[in-house]
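Residue numbers (the working numbering): 73 to 355. In this text, a Cβ means the ideal position worked out from N, Cα and C, and glycines have one as well. Owing to the predicted nature of the structure, the values given are computational and were not obtained by experimental measurement.
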Ligand code: NDP
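Spelled out as structure tokens, the structure:
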């Protein structure tokens with residue numbers, strides 16, 4: 073087990089520093105991959121209604137807990153509210169549906185998946201998540217793909233600051249300004265596509281050189297870079313050996329020069345241009 077520390081959220085709950093990304097794992101193969109990830113030591117699962125896999129994530133978790141004797145409260149399960157459910161009543165019902173599909177009594181983290189600012193109902197959706205937390209259906213509440221402006225709007229509207237904002241973050245998009253805003257507000261940064269997914273930075277000199285210097289893989293360097301930045305990565309790997317590799321990043325430390333070398337790969341247009349939160353509408 074390599075989880076040597078947890079991050080405490082602004083609501084007092086703690087989550088592991090590395091999570092398992094579950095998109096696009098589905099069906100029997102998906103269940104097996106999530107089950108393998110739990111067996112390989114992951115204690116945070118990141119799902120979403122729109123991944124259409126809450127059922128198999130919950131199934132893999134229940135099977136794993138029954139076989140291993142690991143207590144339920146040692147695993148953090150996250151899901152995300154879809155854009156078509158931003159109306160207040162619809163969001164409340166969708167929260168119950170997610171928890172039911174996952175087969176849980178309580179969901180650990182529920183997030184708004186995208187702000188969908190053109191639809192412009194994310195404040196309503198956030199008020200529903202606040203209510204679901206009050207009711208005890210979800211333990212912690214957060215958002216995903218929110219800009220500083222979206223964050224300010226929901227905080228002003230509800231008086232409640234999200235515990236987490238899950239954003240695209242990797243060496244080509246280090247998101248300095250968003251991370252600084254999260255720090256100022258007391259919000260934990262989670263990283264989606266932490267390895268860059270479509271465009272891995274593994275062959276870039278700062279990554280490859282650090283990997284050679286520490287005797288680790290480029291993916292391990294990138295994940296370690298996240299942790300030292302204070303970003304909690306959610307790598308997805310269907311390959312079990314990669315699942316193990318991606319958790320095994322506590323045994324070395326990047327130097328300041330290695331950290332800044334990797335961060336220097338970041339450019340203003342390094343994030344996916346088709347996923348601008350001010351324009352992307354995902355229902
Ligand atoms: P990742 O950066 O995690 O990349 C995943 C890809 O990298 C897969 O093809 C995987 O291969 C490969 N990979 C994993 N580990 C290694 C390794 N050690 N060496 C080489 N290749 C490796 O990107 P994702 O886009 O999948 O993001 C991760 C998670 O973030 C998603 O699963 C989801 O939970 C979340 N997400 C959230 C979004 C949001 O809007 N909130 C948007 C997008 C993602 P293989 O699987 O074949 O082993």
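Please find out if some non-hydrogen atom of the ligand NDP comes closer than 8 Å to the beta-carbon of residue 266. Locating residue 266 in the chain shown gives position 194, counting from the first residue. Checking the Cβ of residue 266 against the ligand NDP gives yes.
Once you ignore the five residues that flank residue 76 on each side, which residues in its own chain have a CB closer than 6 Å to its CB? By one-based count along the chain shown, residue 76 stands at place 4. Low confidence applies here, because residue 76 scores a pLDDT of 46, under 50, leaving its location unreliable and the question unanswered by this model.
What span of residues does the beta strand (DSSP E) with residue 186 cover, start to end? Walking along the chain shown from the start, residue 186 turns up at place 114. Where residue 186 is concerned, there is no enclosing beta strand (DSSP E), given that its DSSP letter is neither H nor E.
Entirely within the region 239-289 and at least 4 residues each: give me those alpha helix (DSSP H) ranges in chain order. 248-257 and 277-286
Quick one: residues in its chain with C-beta nearer than 7 Å to the C-beta of residue 271, no 5 flanking neighbours on either side, listed in chain order? Taking the chain shown and counting its residues from 1, the one referred to as residue 271 is at position 199. 244.
So is residue 73 buried or exposed if we call it buried at 16+ other beta carbons inside 10 Å? Against the chain shown, residue 73 aligns to sequence position 1. Model confidence at residue 73 stands at a pLDDT of 39, short of 50, so the residue's coordinates are unreliable; what they give is reported in the following sentence. The residue is exposed, with fewer than 16 neighbouring Cβ atoms inside 10 Å.
Inter-stretch contact (C-beta, 8 Å, three-pair minimum) for the region 126-133 and the region 82-99: yes
Pull up the DSSP beta-bridge partners for residue 303, would you. The count along the chain shown starts at 1 and reaches residue 303 at position 231. DSSP lists 261 as partners of residue 303.
Could you give the distance in angstroms between the alpha-carbon of residue 205 and the alpha-carbon of residue 182? Within the chain shown, numbered from 1, the residue matching residue 205 stands at position 133. Within the chain shown, numbered from 1, the residue matching residue 182 stands at position 110. Roughly 9 Å separates the two Cα atoms.
Relative to the C-alpha of residue 207, which residue among 179, 220 and 267 is closest? Sequence index remark: in the chain shown, residue 207 carries index 135 (1-based). The shortest Cα separation from residue 207 among 179, 220 and 267 belongs to 179.
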